[in-house]
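> full-length UniProt numbering applies: residue 1 is where the sequence shown begins, and numbers increase by one. Idealized CB from N, CA, C, for every residue including glycine.
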Amino acid sequence: MTTDDHVVFVVDDDERIREALGELLETHGMRAIAFGSAGDYVDAEKPDLPACLILDVELPDINGLELQRQIAEGDHPPIVFITGHGDIPSSVRAIKHGAVDFLTKPFSDADLMAAVLTAISEDRRKRSERAELGMLRQRYLDLTPRERDVLPLVVSGLLNKQAASELGISEVTLQIHRRNVMQKMAAASLADLVRIAERLGIPITHSRRAGGN
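1. Distance check for residue 132 and residue 118, CA to CA, integer angstroms please.
2. Nearest to residue 155 by alpha carbon, out of 38, 192, 18?
3. Whole angstroms is fine: what's the gap from residue 84's alpha carbon to residue 66's?
4. Could you tell me which of 87, 160, 100, 28 sits nearest to residue 172, measuring between CA atoms?
5. The alpha helix (DSSP H) with residue 56 in it runs from where to where?
6. Helix or strand or just coil, what does DSSP make of residue 71?
7. Given residue 150, which residues of its chain have a CB within under 8 Å of its CB, disregarding the five upstream and five downstream residues?
8. Where do the N-terminal and C-terminal ends of the alpha helix (DSSP H) with residue 271 fall, by residue?
9. I'd like the ranges of any alpha helix (DSSP H) spanning at least 4 consecutive residues and lying wholly in the segment 92 to 153.
10. Check each candidate in 187, 7, 87, 200 and name the one with the smallest Cα separation from residue 76.
11. Going by DSSP, which residues form a beta bridge with residue 80?
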């Protein structure tokens, strides 16, 4: 891991804590950007990199748990909470809403670094999944309207004759559209196409019926 392929955001109103965490992260080859309040963090321009957010619970503007709630709908970094006043309800709430860890001060360097590494790894995975989904959506948009009609019928398991009948086209024409769908969606098999359709949320409204070939 190098300092230009990730970033760790630190949000804590205690300057001494921000400095100590920054030094700790830097000794482990990690890039850190520190903020004294939730508002400063939210308003800042952030590098588009895999990240972790080390977030203090008690902040001068809003509670860290409230910030977690506010940014939950966006693509925010996984959160590692730190606090000097930990309690079970707060930790349960934080973890329930996706926090990687909830550490009570004083915590060990090892525990913090383990949580940060887990968070960055998780963010890399999520970013990869979002990129793949974006690519699949673009491939779907590149299909013709008729090919978009064919796709849900194919993944529903209908035979070519059945799907062709649904659309009022010949079986040969259906086969051509089906082949184009497979190629444009870069699906190696029908099972692969089904997986892609599931990722895209394409509804399967038909079921395979007897007859046809």
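In brief:
1. On the sequence shown, position 118 is the one that residue 118 refers to. On the sequence shown, position 132 is the one that residue 132 refers to. Roughly 21 Å separates the two Cα atoms.
2. Working through the sequence shown from its first residue, we reach residue 155 at position 155. The shortest Cα separation from residue 155 among 38, 192, 18 belongs to 192.
3. Here the question's residue 84 lines up with position 84 in the sequence shown. Here the question's residue 66 lines up with position 66 in the sequence shown. Each residue's Cα considered, the two are about 17 Å apart.
4. Mapped onto the sequence shown, residue 172 falls at position 172. Cα-wise, what sits closest to residue 172 is 160.
5. Along the sequence shown, one-based indexing puts residue 56 at 56. No alpha helix (DSSP H) holds residue 56; the beta strand (DSSP E) holding it covers 51 to 56.
6. Looking up residue 71 in the sequence shown gives position 71. DSSP places residue 71 in coil when its eight states are reduced to three.
7. Residue mapping note: residue 150 aligns to position 150 of the sequence shown, counting from 1. Same-chain partners within the cutoff: 163, 167, 174, 177, 178, 181.
8. For the chain, the structure presents residues 1 to 213; residue 271 sits outside this window and is missing.
9. 109 to 141
10. Here the question's residue 76 lines up with position 76 in the sequence shown. Residue 76 has its Cα closest to that of 7, out of 187, 7, 87, 200.
11. By 1-based counting over the sequence shown, the position of residue 80 is 80. Answer by DSSP bridge pairing, in chain order: 54, 101.
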